[in-house]
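Going by this note's numbering, the first residue of the sequence shown is number 2, and it counts up by one from there. Just below is one structure, and these are the notes that go with it.
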Amino acid sequence: MAKDLSSGSSLSTKAYEAEMFRLQAELVKAQEWVKVEGQRVVVIFEGRDAAGKGGTIKRITEYLSPRNTRIAALPMPSEREKTQWYFQRYIEHLPAAGEITLFDRSWYNRAGVERVMGFCTPHEYRRFLHQCPIFERLLVEEGIMLRKYWFSVSDSEQQRRFKSRLNDPMRQWKLSPMDLESITRWEDYSRAKDEMMVHTDIPEAPWYVVESDSKKRARLNMMAHLLSTIPYVEVPLPALELPERPEPHGYERPPREHTTYVPDHSATLG
Numbered sequence: 002m003a004k005d006l007s008s009g010s011s012l013s014t015k016a017y018e019a020e021m022f023r024l025q026a027e028l029v030k031a032q033e034w035v036k037v038e039g040q041r042v043v044v045i046f047e048g049r050d051a052a053g054k055g056g057t058i059k060r061i062t063e064y065l066s067p068r069n070t071r072i073a074a075l076p077m078p079s080e081r082e083k084t085q086w087y088f089q090r091y092i093e094h095l096p097a098a099g100e101i102t103l104f105d106r107s108w109y110n111r112a113g114v115e116r117v118m119g120f121c122t123p124h125e126y127r128r129f130l131h132q133c134p135i136f137e138r139l140l141v142e143e144g145i146m147l148r149k150y151w152f153s154v155s156d157s158e159q160q161r162r163f164k165s166r167l168n169d170p171m172r173q174w175k176l177s178p179m180d181l182e183s184i185t186r187w188e189d190y191s192r193a194k195d196e197m198m199v200h201t202d203i204p205e206a207p208w209y210v211v212e213s214d215s216k217k218r219a220r221l222n223m224m225a226h227l228l229s230t231i232p233y234v235e236v237p238l239p240a241l242e243l244p245e246r247p248e249p250h251g252y253e254r255p256p257r258e259h260t261t262y263v264p265d266h267s268a269t270l271g
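Structure, rendered in structure tokens:
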């Protein structure tokens with residue numbers, strides 16, 4: 002059972018780190034169960050720019066195997082992909098048995114940025130709203146566990162995070178002209194999100210909203226909720242023993258001067 006992390010209670014760094022590690026340990030167990038049972042899990046991360054999706058994904062995957070848990074963060078569609086059925090390029094990233102796919106933004110681009118910025122036609126948008134629930138019902142019918150999370154951040158907190166990124170050369174890559182334009186289109190994005198929810202918040206694949214003005218709370222709340230929706234159990238792992246290293250049998254390592262080594266940069270440090 003997850004601890005109470007409501008906004009009314011204090012959350013110390015010590016409590017955050019302890020709960021984060023506990024949840025990450027549970028995610029390792031859940032991944033092993035998914036692998037052994039041949040389950041397929043899809044988790045969609047959507048929300049405003051700078052709402053904390055990427056940081057949450059990073060914490061989720063920190064201890065998971067990249068062989069079984071993959072992040073799908075698709076770039077802009079190519080000219081060829083633009084002529085395909087809209088959902089087609091996302092389908093190839095769906096998990097096979099024993100795999101988890103985390104979509105860092107997803108097919109819901111059409112209901113958000115494409116709708117607001119005019120990158121799709123009104124007909125394409127209406128067709129998406131019609132087809133998306135059908136598509137997701139098919140995924141669930143196929144046995145895929147589909148979880149959809151919307152990270153909700155206030156306009157003032159988004160503005161603060163944008164300013165922080167502008168002044169941080171290590172994180173400026175997270176900002177694009179389109180991100181900054183979203184500031185002037187706040188209400189347009191709000192209306193688009195509301196309409197999207199009306200059409201796609203279906204019983205088979207409901208939306209779960211994550212309040213994310215506090216990144217730490219958002220991460221813990223989302224991860225705890227995700228785990229609560231997956232009926233995993235701890236899978237017994239085979240007992241492993243480190244074998245004894247055999248005695249040498251005449252192997253001689255080639256001379257070091259015959260190999261090109263990476264320079265010892267660390268030796269230059271104080």
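For each residue, glycine too, the CB sits at the ideal point set by N, CA and C.
Cutoff 8 Å; reference residue i; Cβ partners in own chain excluding five residues on either side
i: W208; result: K149, Y150, W151, M198, T201, D202
i: A26; result: Y64
i: K175; result: A51, G55, R166
i: Q173; result: R166, L167
i: Y17; result: K217, L221
Between the CA atoms of residue j and residue i - distance to the nearest angstrom
i: T185; j: M118; result: 12 Å
i: P256; j: A268; result: 22 Å
i: A3; j: N69; result: Reliability of the predicted coordinates at A3 is poor, the pLDDT of 40 falling under 50, and the value obtained from them is presented with this limitation in mind. In a straight line, the C-alpha of A3 is about 25 Å away from that of N69.
i: L28; j: L228; result: 7 Å
i: V154; j: S191; result: 11 Å
i: E20; j: P96; result: 28 Å
i: R138; j: R81; result: 27 Å
i: E248; j: R254; result: 15 Å
i: R106; j: L75; result: 8 Å
i: R220; j: L270; result: 36 Å
i: Q134; j: P244; result: The displayed chain sequence assigns Pro, not Gln, to residue 134. P134 and P244: Cα-Cα distance of roughly 53 Å.
i: R71; j: E196; result: 30 Å
Proximal residues to residue i (C-beta, below 7 Å), its chain only, five neighbours per side dropped
i: T230; result: R148
i: G39; result: A98, G99
Beta-bridge pairing of residue i - partner residues as DSSP gives them
i: F46; result: D105, Y150
i: R90; result: The partner list for R90 (beta bridge, DSSP) is empty, contrary to what the question assumes.
i: W208; result: K149
i: E100; result: R41
i: I203; result: A206
Contacts around residue i, its chain only, beta-carbon distance under 6 Å, and the 5 residues preceding and following it disregarded
i: E142; result: none
Residue i, DSSP secondary structure in three states
i: Y17; result: helix
i: R166; result: helix
i: A26; result: helix
i: T269; result: helix
i: R220; result: helix
i: A51; result: coil
i: I61; result: helix
i: A73; result: strand
i: I231; result: coil
Check: residue i C-beta below 7 Å from any heavy atom of the ligand GDP
i: V234; result: No copy of the ligand GDP occurs in the structure displayed, which carries no ligand at all.
Within 8 Å, do at least three Cβ pairs link the segment 152-166 to the segment 49-64? Yes, since at least three Cβ pairs between the segment 49-64 and the segment 152-166 fall closer than 8 Å, the two stretches touch.
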